[in-house]
Each structure stands twice: as structure tokens, then as C-alpha cells.
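Asks:
In mature numbering (1 follows the signal peptide of the UniProt record, and there is no 0), the protein residues as written are -29 to -1, 1 to 140.
(1) Tell me the residue span of the beta strand (DSSP E) that contains residue 60.
(2) Evaluate contact between the stretch 26 to 46 and the stretch 54 to 62, counting only Cβ atoms and requiring at least three cross-stretch pairs below 8 Å.
(3) What do you get for residue 39, buried or exposed, if any count of 16 or more other CB atoms within 10 angstroms of its CB means buried?
(4) Report the rounded CA-to-CA distance for residue 76 versus residue 58, giving the unit in angstroms.
(5) Between 64, 73, 81, which has its C-alpha nearest residue 95's C-alpha?
(6) Measure the Cβ-Cβ separation of residue 61 and residue 72 and say whether it is below 8 Å.
(7) Report all residues from its chain with a CB closer than 7 Å to the CB of residue 49; omit the five preceding and five following residues, and keep chain order.
(8) Counting only runs that start and end within the stretch 24 to 97, where is the beta strand (DSSP E) found for 3 or more residues in a row?
(9) In whole angstroms, what is the alpha-carbon distance linking residue 69 and residue 86?
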């Protein structure tokens, strides 16, 4: 309960953040929505659930070290992006599985510069890419990848068996 109150407080302090969001959800084809807003504004829209793949791409800038950036939520599943102490934190929950990805400690994102986050998920592979400054053919981009293995139990529930976090440059 304390965690939920903390997230509501984070929404209230989003005022100096500016955000550009492009959300793609692959269920049948690609549905895209582009929005930009300043302050405590938000957008609410109906979406279909995407169990096998999810793509989120957004640009933001803020001076706040702790703020709420993005939330896409269903009845039980959600994708959440926020800043904690200037670091990007991505939480993804689908069915009974929850995973977290963090940006490195030495990179701070509350510097009022524009930053771009791209998150791709297909089945059990999640990739978070931050600030693509270089073309992929010239220099590899920096990203954090979480891979996890799931095992289907007889009661049709997914459980986490193993996980690894990789960082590449």
C-alpha cells in the first residue's frame, strides 16, 4: 500500500517534465499514438492487451530526480517507467511475472536534456535502449537486456525460473 501511495505522489510532482510518447502495441498490426504535453497532463485511452509483444518509445526531459514518466496498465498487468535518483527504472508485470530494468548508476537523466527510451518485448525477451546517439552500423548502441525463462505449470500459471541482466556498449 505504501508503494501505491508513493506512485500517486510521484504523479503529482510531474509538473516540470515534458514528455513525447509513441506507444506501439502489436496485437494485430501496429497501433500508434503520438502525444506531447507539459506538466501534470496525461492521456487515457482504451487499448487491447498484448500478451506476446510490446513496444514503447518515448522522449522526455525533466529536472526532477524522482518522477513518474509512463504507465500503461490493464486490470492486472502493467508497464511502468519512472526516475528514481535520476536513474531510469522500468517495471513490467504480466500475469504472475514481474521484472525490473535499471539504467546504470553513473548516468543521470534529470539534466533537462532530451532523452529517448525504447523498450521492446517479444515473448520472454525485454530490451531497454536509452539515448540512441549513434547509428547501429557505426557504433553499437547502449542497451540493457533482461532475458528470463518461464515454465508453464499444470495450472496454466507462469513462473520465473531464471533471469540475467546484460549490458552492452
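Where a beta carbon is used, it is the ideal one built from N, C-alpha and C, also for glycine. Bear in mind that the values here come from a model prediction, so they are computed numbers and not experimental data.
Replies: So, from the listed chains and residues:
(1) 58 to 65
(2) yes
(3) buried
(4) 7 Å
(5) 64
(6) yes
(7) 42, 43, 64
(8) 24 to 32, 38 to 44, 49 to 55, 58 to 65, 68 to 73, 86 to 93
(9) 25 Å
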